[in-house]
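Chemist: My questions will all concern the structure given below.
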Amino acid sequence: MCGISGIVSGENVAAKLLSSIQNLEYRGYDSCGMAVLNARGPVVRKNVGHVADVAEKELFLSLEGVTGIAHTRWATHGGVTPANAHPHLSCDKTLAIVHNGIISNYARLKAALIKRRHKFASETDSEVIAHLVEENRKKGAPLERAFTSALKDLEGSFAVAMVSIEAPHRIYCGKHESPLILGLGKNEFYVGSDFNAFIEHTKDAVVMDDGEYAVVSDHGYEVKRIRDGKPVRKTIMRIDWDSEASRKGGFPHYMLKEIYEQPETVRKALSVSEDSIVGLAKGLTGAKRAYLTGVGTTYYAAKVGQYYFASEADLGVPAASSDEFLENSPLAKDDFVLAVSQSGETYDTLRLVREAKKRGAKTAAVVNVVGSTLSRLVDQVVLQGSGPEICVISTKAALAQMIILMRVAIEAGRMNGRLTPAEKRRKTAQLEALPALISGFLNEYSGLFHTIAQKHASRHNWLFMGRGRFYPVALETALKVKEVAYLHAEGMPAGFLKHGALALIDDTLMSAMFVPGESEKELHRMTMGSVAEINARGGRVIGFHFSKSLRGSKLFEDQVLLPSAPPLTSPLVALLAGQLLSYFLATVLGRDVDKPRSLAKSVTVA
Ligand code: AGP
């Protein structure tokens, strides 16, 4: 939810800390702050607003010191106020902490600390950590033990970093259920809630596990167990994401850059090893019950997968949203759960996977972020290799996940005889043709989507519809329009229209229909039937279709003839259309595209 950064160096850290939290801003961006140690203690500067604005207002760059921590916040406990921004200080102002996660027992801890005369400056759950450490110091514990004892008192989830005047060249950090990674530089060491915190400076990293803490200095680090202080040997990991990939590279927004990166991310998804794909297909086909899961966009990616398992492998693999899964799906030993997640840190999905493991189910995941909690939790992991996705809105990662699920579905079909090896080859070739198709589409169609968005951005209510595999595309497009354009949008199977939604149709509601190609005769005919039903009630429809014969059709107020694609991949072309429409609606409306209000990139809380 929030972004944490820390640097211990031989030189001033303020500029690097600032750029680090700018790179982490997609994790939360309602307020931010930093604490840099000088000879008198940690100097804290913080405020509400985007990092660049706060940095200017609070003169972040004037801070001097070689050790510091910083934070970018997505509010959970306590409103968006300067006082609630991190870092938080102890009463005696000798130490400062930053925190990501939720401390579920904070109210009890806070009450006990208040009784011991601690004064709280914020409404956050996080501030208790600073006071707990201070209290432990007062009782005589050395700083390191004061820190770990405080962590032992916390319930819930946390990644914490702390600086103290007592250890001017050290950062203490620890974690439980919130990500924390160390970056290993030359005479400079880093702490971050993900690689973007320090990818500009080093590619060598150590991923901390739950129940571990670290003492980081300018010449090294030690990882130990919170429980008993025993040292832990950690493996150094080399991250192959480069810092350039995390920059905008001339695009006005990360969202557009990431949409344009899709030919490459599809290629990467296609280059995921055949062994990994076979492994997932075996898991799914061999299980008593198999499920797909994710939440938000990744649930829709899972839903796309469900349709392909049915069509390519004759397999019923239900997709359940991870936040609802345990309430709507039986789950027991020998079941198989395949989770999809960009960040690998999403609370709902992690909670479900942990429960699945507890019940003896087999677990697997398609994940983008290397070293993420989910990737290390499951029995089988497939890294999609899409590179950093900075925009809060998921585009390239979601498409890559769909490609991987399609590959698994095709492989499952080959395994169970639904597809012949020749059919598998033909379908794989269709997937391999996608990158070129996508490049052409993006280059030729962006302007058209901009024009459509300009014309219709004033419409406040949107209904996105499709049938079959175009239905999850409609759901995903509606989510995109909600989150980035802040317009009311719903996704619906077109077949639902006459079961209720037709009552909504009038000339103020904008309907958008994804129409399958004419080769899918029945689906095409029924979808066009729905378009006619809307027209008959005075409704307005934008059509996204593949039929030259529909050019000029009066049934559409506006239409986009999408580039021809086989039935296997045409829903993905429709998905790109939805991405471009939502992006341009957002820009026309002047929205904060990469950091939409109230959202965060990885939702690590319940
Ligand atoms: C995507 O545009 C959304 N911001 C959101 O729905 C996201 O897909 C969801 O929170 C799941 O995240 P994950 O892929 O990191 O698990």
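Using our numbering, the letters of the sequence shown correspond one by one to residues 114 to 719. Even glycine gets a Cβ: it sits at the ideal position worked out from N, Cα and C.
Is any non-hydrogen atom of ligand 1 found closer than 7 Å to the C-beta of GLU596, if you look at the structure I gave you?
Modeler: Indexing the sequence shown from 1 puts residue 596 at position 483. Checking every heavy atom of ligand 1 against the Cβ of GLU596, one is found closer than 7 Å.
Chemist: Would DSSP call GLU257 helix, strand or coil?
Modeler: To locate residue 257, count along the sequence shown from 1; it is residue 144. Helix at GLU257.
Chemist: Are the beta-carbon atoms of PHE173 and ARG158 separated by less than 8 Å?
Modeler: Taking the first residue of the sequence shown as position 1, residue 173 is located at position 60. Taking the first residue of the sequence shown as position 1, residue 158 is located at position 45. Taking 8 Å as the Cβ cut-off, PHE173 and ARG158 qualify as a contacting pair.
Chemist: What whole-angstrom Cβ distance do VAL336 and ALA327 have, given they're in contact under 8 Å?
Modeler: Counted from its first residue, the sequence shown places residue 336 at position 223. Counted from its first residue, the sequence shown places residue 327 at position 214. Contact flag correct, Cβ pair sits at about 5 Å.
Chemist: GLU171: buried (16+ other C-beta within 10 angstroms of its C-beta) or exposed?
Modeler: Numbered from its first residue, the sequence shown carries residue 171 at position 58. Flag for GLU171 reads buried.
Chemist: For ILE210, write down the residues that DSSP places opposite it in a beta bridge.
Modeler: Residue numbering aside, residue 210 sits at position 97 when the sequence shown is read from its first letter. ILE210 is bridged to HIS201 and MET275.
Chemist: Check whether the stretch 679-695 touches the stretch 580-595, taking contact to mean three or more Cβ pairs, one atom from each stretch, closer than 8 Å.
Modeler: Enough Cβ pairs lie closer than 8 Å, so yes.
Chemist: Shorter than 7 Å, the distance from the beta carbon of SER270 to the closest heavy atom of ligand 1, or not?
Modeler: Looking up residue 270 in the sequence shown gives position 157. It does not: the Cβ of SER270 is nowhere closer than 7 Å to a heavy atom of ligand 1.
Chemist: Just to confirm the assignment, what range does the beta strand (DSSP E) spanning GLY305 have?
Modeler: As a working note, residue 305 is residue 192 in the sequence shown. Segment 301-305, the beta strand (DSSP E) holding GLY305.
Chemist: Measure the alpha-carbon distance for GLU440 versus PRO195 and round it to whole angstroms.
Modeler: Position 327 of the sequence shown, counting from 1, holds the residue named residue 440. Position 82 of the sequence shown, counting from 1, holds the residue named residue 195. The straight-line gap from Cα to Cα measures roughly 39 Å.
Chemist: On the CB-based measure, 16 or more other CB atoms within 10 Å of its CB, does HIS569 come out buried or exposed?
Modeler: Counting from one through the sequence shown, the residue named residue 569 turns up at place 456. It is buried - the Cβ of HIS569 has at least 16 other Cβ atoms within 10 Å.
Chemist: SER235 to GLY191, Cα distance in whole Å?
Modeler: In the sequence shown, the residue the question calls residue 235 occupies position 122. In the sequence shown, the residue the question calls residue 191 occupies position 78. Approximately 8 Å between the Cα atoms of the pair.
Chemist: Considering just the uninterrupted stretch of the alpha helix (DSSP H) at HIS637, what are its terminal residues?
Modeler: As a first step, residue 637 must be located in the sequence shown, where it is residue number 524. Segment 634-649, the alpha helix (DSSP H) holding HIS637.
Chemist: Hey, how far is the Cα of LYS584 from the Cα of TYR413?
Modeler: The sequence position of residue 584 within the sequence shown is 471, counting from 1. The sequence position of residue 413 within the sequence shown is 300, counting from 1. Correcting the residue identity first, residue 584 is Tyr in this sequence and not Lys. Straight-line Cα distance between these residues: approximately 10 Å.
Chemist: How long is the line joining the alpha carbons of ALA598 and LEU617, rounded to whole angstroms?
Modeler: Residue 598 sits at position 485 when you count from the first residue of the sequence shown. Residue 617 sits at position 504 when you count from the first residue of the sequence shown. One C-alpha to the other measures close to 21 Å.
Chemist: In whole angstroms, give me the CA-to-CA distance for VAL495 and ALA478.
Modeler: Residue mapping note: residue 495 aligns to position 382 of the sequence shown, counting from 1. Residue mapping note: residue 478 aligns to position 365 of the sequence shown, counting from 1. Each residue's alpha carbon lies about 6 Å from the other.
Chemist: Assign VAL721 to one of two classes, buried (16 or more other C-beta atoms within 10 Å of its C-beta) or exposed (fewer than that).
Modeler: Nothing about residue 721 can be read from this structure; the chain reaches only from 114 to 719.
Chemist: Taking 7 Å as the line, does the beta carbon of VAL716 fall inside it for any heavy atom of ligand 1?
Modeler: For the purposes of this step, residue 716 is taken as the residue at position 603 of the sequence shown. VAL716 Cβ: within cutoff of ligand 1.
Chemist: Any chance the CB of VAL345 is under 7 Å from a heavy atom of ligand 1?
Modeler: Counting from one through the sequence shown, the residue named residue 345 turns up at place 232. No, the Cβ of VAL345 stays beyond 7 Å of every heavy atom of ligand 1.
Chemist: Any chance the stretch 691-699 sits against the stretch 558-567, with 3 or more Cβ pairs inside 8 Å?
Modeler: The stretch 691-699, when compared against the stretch 558-567, does touch it at the 8 Å Cβ threshold.
Chemist: Tell me the DSSP secondary structure of ILE312 in three-state form.
Modeler: Start at 1 with the first residue of the sequence shown, and residue 312 comes out as number 199. Of the three classes helix, strand and coil, the one that applies to ILE312 here is coil, per DSSP.
Chemist: Should ASP448 go down as buried or exposed, given a rule of 16 or more other Cβ atoms within 10 Å for buried?
Modeler: To locate residue 448, count along the sequence shown from 1; it is residue 335. Buried, since its Cβ has 16 or more Cβ neighbours within 10 Å.
Chemist: Around the Cβ of ALA476, are there at least 16 other Cβ atoms within 10 angstroms (buried) or fewer (exposed)?
Modeler: Position 363 of the sequence shown, counted from the first residue, corresponds to residue 476. Residue 476 is actually Thr in this sequence, not Ala. Classification of THR476: buried, given that the 10 Å Cβ count is 16 or more.
Chemist: Buried or exposed: which applies to LYS343, given that a residue is buried once 16 or more other Cβ atoms fall within 10 Å of its Cβ?
Modeler: For the purposes of this step, residue 343 is identified with residue 230 of the sequence shown, where counting begins at 1. So LYS343 counts as exposed.
Chemist: Whose C-alpha, out of PHE627, GLU557, VAL594 and ARG351, is nearest the C-alpha of SER571?
Modeler: On the sequence shown, position 458 is the one that residue 571 refers to. Looking at the Cα atoms, VAL594 is the closest of the given residues.
Chemist: Are there 16 or more other CB atoms within 10 angstroms of the CB of LYS299, so buried, or fewer, so exposed?
Modeler: Within the sequence shown, residue 299 is the residue found at index 186, counting from 1. LYS299 is exposed by the Cβ-count criterion.
Chemist: Compute every distance between the C-beta of THR411 and the non-hydrogen atoms of ligand 1, then say whether any falls below 7 Å.
Modeler: For the purposes of this step, residue 411 is taken as residue 298 along the sequence shown, with counting starting at 1. Result yes, Cβ under 7 Å from ligand 1.
Chemist: May I ask which residues mark the beginning and end of the alpha helix (DSSP H) holding ALA535?
Modeler: To locate residue 535, count along the sequence shown from 1; it is residue 422. Element bounds for ALA535: 534-545.
Chemist: Can you pull the DSSP bridge partners for PHE562?
Modeler: Within the sequence shown, residue 562 is the residue found at index 449, counting from 1. Note: PHE562 sits in no beta bridge, so no partner.
Chemist: In or out: ILE227 buried (at least 16 other Cβ within 10 Å) or exposed?
Modeler: Here the question's residue 227 lines up with position 114 in the sequence shown. So ILE227 ends up on the exposed side.
Chemist: At a threshold of 7 Å, does SER454 count as lining ligand 1 (C-beta to nearest heavy atom)?
Modeler: Here residue 454 is taken as the residue at index 341 of the sequence shown, counted from 1. Yes.
Chemist: How close, in whole Å, do the beta carbons of VAL628 and GLY656 come, if the pair is a contact with beta carbons under 8 Å?
Modeler: Residue 628 sits at position 515 when you count from the first residue of the sequence shown. Residue 656 sits at position 543 when you count from the first residue of the sequence shown. The pair is a contact, with the Cβ atoms about 6 Å apart (cut-off 8 Å).
Chemist: Would you grab the beta carbon distance between GLY119 and ALA274 for me? Rounded to a whole angstrom, and I think it's under 8 Å.
Modeler: Translated into the one-based positions of the sequence shown, residue 119 becomes position 6. Translated into the one-based positions of the sequence shown, residue 274 becomes position 161. About 4 Å separates the two Cβ atoms, so the contact holds.
Chemist: Taking only three categories from DSSP, how would you classify PRO155?
Modeler: Translated into positions along the sequence shown, residue 155 becomes position 42. PRO155: strand per DSSP, three-state reduction.
Chemist: Tell me the residue span of the alpha helix (DSSP H) that contains GLU169.
Modeler: For the purposes of this step, residue 169 is taken as residue 56 along the sequence shown, with counting starting at 1. Note, GLU169: alpha helix (DSSP H), 164-170.
Chemist: Can you give me the Cβ contacts of ALA522 inside the same chain, cut-off strictly under 7 Å, excluding the 5 residues immediately before and after it?
Modeler: Taking the first residue of the sequence shown as 1, we reach residue 522 at position 409. Excluding residues within five positions, the ones whose Cβ falls inside 7 Å are GLY418, TYR421, PHE422, GLU425 and ALA426.
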